[in-house]
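J.: My questions all concern the structure below.
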Amino acid sequence: MRRIVWIKGVILFSIFSLLWGCATRRDVVVLDRETNRLSSQVNTQQKDRESLQRDIEKLQKDFKTLQAEVTGESKKAHADLLLRLDNLQTEVRTLQTGFQEYKELSQKPSKEMDRLKENMALRTKALEDKEKISDERDKNLEERIKGIDERLKGLEGRIGQLIAKQSEIEGSLRAKETSAEGKGVPTRAGDLYKDAYETYQKGDYEAARRKFEAFLKQYPNTELSDNAQFWIGESYFGKKDYEKAILEYEKAIAKYPEGDKVPAALLKQAFAFLELGDKTNGRNLLKRVMERYPQSEQADMAKRRLDTIK
64 MRRIVWIKGV
74 ILFSIFSLLW
84 GCATRRDVVV
94 LDRETNRLSS
104 QVNTQQKDRE
114 SLQRDIEKLQ
124 KDFKTLQAEV
134 TGESKKAHAD
144 LLLRLDNLQT
154 EVRTLQTGFQ
164 EYKELSQKPS
174 KEMDRLKENM
184 ALRTKALEDK
194 EKISDERDKN
204 LEERIKGIDE
214 RLKGLEGRIG
224 QLIAKQSEIE
234 GSLRAKETSA
244 EGKGVPTRAG
254 DLYKDAYETY
264 QKGDYEAARR
274 KFEAFLKQYP
284 NTELSDNAQF
294 WIGESYFGKK
304 DYEKAILEYE
314 KAIAKYPEGD
324 KVPAALLKQA
334 FAFLELGDKT
344 NGRNLLKRVM
354 ERYPQSEQAD
364 MAKRRLDTIK
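Just add 63 to the spot in the sequence shown (first one is 1) and you have this note's numbering.
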């Protein structure tokens, strides 16, 4: 221990001698003051960096919450924001390294200190500029997300109205089609049709289709025949076999042009084309429903659906 103390004393004495030989007492005082001032600046900048780090962490937290609330286009915007945040953190780490260098070099000659101060000033300015750009982009992102949310709310309202209309139509159809009395339909035909329709309502589309087809073979020209043909199309639609559904709807339109299922068949043909990604035919059929049957429930549904197609 004494030897170590002795070595330290020698080193301190050597440093003191070196400083005494290189500078006057006045220069040492000036250098001390400059060093203290620079150290104070470093501490201030360190506090600013910590505050900035807290803001970044809060921004990341807000970003994660926002990411869970939006989809589609907003996700891409969020990905851009995340990349900018990563870049910003990289700049912060670089600035932190600069602060450390600043501390280590605070005791070195004034020329090197001036160079370091200039370097730190440039880094700080670059970081501030990036923060301003990031703030502007964040504002733009918030506006875009707000617009998307409003569009989604409007779309949800329209979909809700469509579902309500469809439920109303299905209810009336159910009441109409489960009763064959008073239509001049043979009792046997009515029973077969009712059995097929009830099977469809249970969600067994394949069995329902076979039963409707069997009904049409025996009774191709009753008042329920156009309905049976329509529900064959619906059974394919329910299984998402949209191409076959379109063909079966066309049979209902062509074979029973005076039947009351023609507007519904045209409407569901349009929906099937849209499901296949064919917006042209989908739009044309929706417009046809509106033009030919302007007072029907299907025309109202066609108009609402047409408004949602971009």
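Using N, Cα and C, we set each Cβ at its ideal position, and we do this for glycine too. No experiment lies behind these values; they were computed from the predicted model shown.
Can you tell me whether K216 is buried or exposed? The criterion is at least 16 other CB atoms within 10 Å of its CB, across all chains shown.
T.: Start at 1 with the first residue of the sequence shown, and residue 216 comes out as number 153. In this prediction, K216 scores a pLDDT of 49, lower than 50, which makes its location untrustworthy; the coordinate-derived value is nonetheless stated afterwards. Classification of K216: exposed, given that the 10 Å Cβ count is below 16.
J.: From this set, E311, R272, F278 and K209, which residue's C-alpha is nearest D254's C-alpha?
T.: Position 191 of the sequence shown holds residue 254. Closest by alpha carbon: F278.
J.: Return the CA-CA distance between E199 and E120, expressed in angstroms with no decimal places.
T.: Counting from one through the sequence shown, the residue named residue 199 turns up at place 136. Counting from one through the sequence shown, the residue named residue 120 turns up at place 57. C-alpha separation (whole angstroms): 18 Å.
J.: Since G322 and D289 are thought to touch, with beta carbons under 8 Å apart, how far apart are those beta carbons, to the nearest angstrom?
T.: For the purposes of this step, residue 322 is taken as residue 259 along the sequence shown, with counting starting at 1. For the purposes of this step, residue 289 is taken as residue 226 along the sequence shown, with counting starting at 1. Rounded, the Cβ-Cβ distance is 3 Å, consistent with contact.
J.: Tell me, to the nearest whole angstrom, how far the beta carbon of L287 is from that of A317; I am working on the premise that it is less than 8 Å.
T.: Residue numbering aside, residue 287 sits at position 224 when the sequence shown is read from its first letter. Residue numbering aside, residue 317 sits at position 254 when the sequence shown is read from its first letter. About 18 Å separates the two Cβ atoms, so there is no contact after all.
J.: Considering only the alpha carbon of each residue, which of R186, D125 and Q264 lies closest to W294?
T.: Working through the sequence shown from its first residue, we reach residue 294 at position 231. Answer by Cα proximity: Q264.
J.: Starting from T250 and walking both ways along the alpha helix (DSSP H), at which residues does that stretch end?
T.: In the sequence shown, the residue the question calls residue 250 occupies position 187. Start and end: T250 to Q264.
J.: Buried or exposed for E206, please, with buried defined as at least 16 other CB atoms from any protein chain shown within 10 angstroms of its CB.
T.: Numbered from 1 along the sequence shown, position 143 holds the residue referred to as residue 206. Exposed is the call here.
J.: When burial is assigned at 16 or more other CB atoms within 10 Å of the CB, is S242 buried or exposed?
T.: Here residue 242 refers to the residue found at position 179 when the sequence shown is read from its first residue. Residue confidence is low: S242 scores 48 on pLDDT, short of 50, so the model does not pin down where it sits. Its coordinate-derived value is still stated next. The residue in question, S242, is exposed, as its Cβ has fewer than 16 Cβ neighbours within 10 Å.
J.: Please state whether the Cβ-Cβ distance between K331 and E297 is less than 9 Å.
T.: One-based indexing of the sequence shown puts residue 331 at position 268. One-based indexing of the sequence shown puts residue 297 at position 234. Contact flag set, yes.
J.: Go through its chain and collect everything with a Cβ distance to A362's Cβ below 6 Å, but skip five positions before and after it.
T.: As a working note, residue 362 is residue 299 in the sequence shown. Cβ within range, chain order: V352, M353 and Y356.
J.: Kindly list the residues whose CB is nearer than 8 Å to the CB of E338, restricted to its own chain and excluding five residues on each side of it in sequence; keep chain order.
T.: Residue mapping note: residue 338 aligns to position 275 of the sequence shown, counting from 1. The residues are K303 and Y305.
J.: Please list, in chain order, all residues of the same chain as G301 whose beta carbon is under 6 Å from its beta carbon, the five residues on each side excluded.
T.: Here residue 301 refers to the residue found at position 238 when the sequence shown is read from its first residue. Excluding sequence neighbours, G301 sits near Y268.
J.: Would you kindly report the start and end of the unbroken alpha helix (DSSP H) that includes Y268?
T.: To locate residue 268, count along the sequence shown from 1; it is residue 205. Unbroken alpha helix (DSSP H) run through Y268: Y268 to Q281.
J.: Among R346, L115, K373 and Q292, which residue has its Cα nearest to the Cα of P320?
T.: Translated into positions along the sequence shown, residue 320 becomes position 257. The candidate whose alpha carbon is nearest that of P320 is Q292.
J.: Using CA atoms only, rank isn't needed, just tell me which of K139, L145, L190 and R96 is closest to Q111.
T.: What you label residue 111 is simply residue 48 of the sequence shown in a count that begins at 1. Residue 111 is actually Asp in this sequence, not Gln. It is L190.
J.: For N99 and E113, what's the separation of their Cα atoms in angstroms?
T.: Within the sequence shown, residue 99 is the residue found at index 36, counting from 1. Within the sequence shown, residue 113 is the residue found at index 50, counting from 1. If you take the alpha carbons of N99 and E113, they lie about 21 Å apart.
J.: Return the CA-CA distance between K257 and V325, expressed in angstroms with no decimal places.
T.: Stepping through the sequence shown from its first residue, residue 257 is reached at position 194. Stepping through the sequence shown from its first residue, residue 325 is reached at position 262. Taking the straight line joining both Cα atoms gives about 20 Å.
J.: Per DSSP, what kind of secondary structure is P326 in: helix, strand or coil?
T.: Reading the sequence shown from its first residue, position 263 is the one you call residue 326. Correct three-state label for P326: helix.
J.: Measure how close the beta-carbons of I309 and R346 come, nearest whole angstrom, since I'm counting them as under 8 Å.
T.: Residue 309 sits at position 246 when you count from the first residue of the sequence shown. Residue 346 sits at position 283 when you count from the first residue of the sequence shown. In fact, because the Cβ distance is near 15 Å, the residues do not count as touching under 8 Å.
J.: How would you label A184, buried or exposed, when you count the other beta carbons within 10 angstroms and need 16 or more for buried?
T.: Reading the sequence shown from its first residue, position 121 is the one you call residue 184. With fewer than 16 other Cβ atoms within 10 Å, it is exposed.
J.: Assign G340 to one of three DSSP states: helix, strand, or coil.
T.: Your numbering for residue 340 matches position 277 in the sequence shown. Residue state, collapsed to three classes: coil.
J.: Does DSSP put D304 in a helix, in a strand, or in coil?
T.: Your numbering for residue 304 matches position 241 in the sequence shown. It is coil, neither helix nor strand.
J.: Using a Cβ-Cβ distance under 9 Å, would I119 count as near chain C?
T.: Given the protein chain composition of this structure (a single chain), no chain C is represented.
J.: Start and end of the alpha helix (DSSP H) containing E360?
T.: Sequence index remark: in the sequence shown, residue 360 carries index 297 (1-based). From DSSP, the alpha helix (DSSP H) with E360 extends over E360 to T371.
J.: How long is the line joining the alpha carbons of G266 and R273, rounded to whole angstroms?
T.: On the sequence shown, position 203 is the one that residue 266 refers to. On the sequence shown, position 210 is the one that residue 273 refers to. So the alpha carbons of these two residues sit roughly 13 Å apart.
J.: Using a Cβ-Cβ cut-off of 6 Å (strictly less than) and excluding sequence neighbours within five positions of F336, which residues of its own chain qualify?
T.: Against the sequence shown, residue 336 aligns to sequence position 273. Correct list, in chain order: N344 and G345.
J.: Distance, Cα to Cα, E313 vs T250?
T.: Stepping through the sequence shown from its first residue, residue 313 is reached at position 250. Stepping through the sequence shown from its first residue, residue 250 is reached at position 187. Cα to Cα, the separation comes out at about 28 Å.
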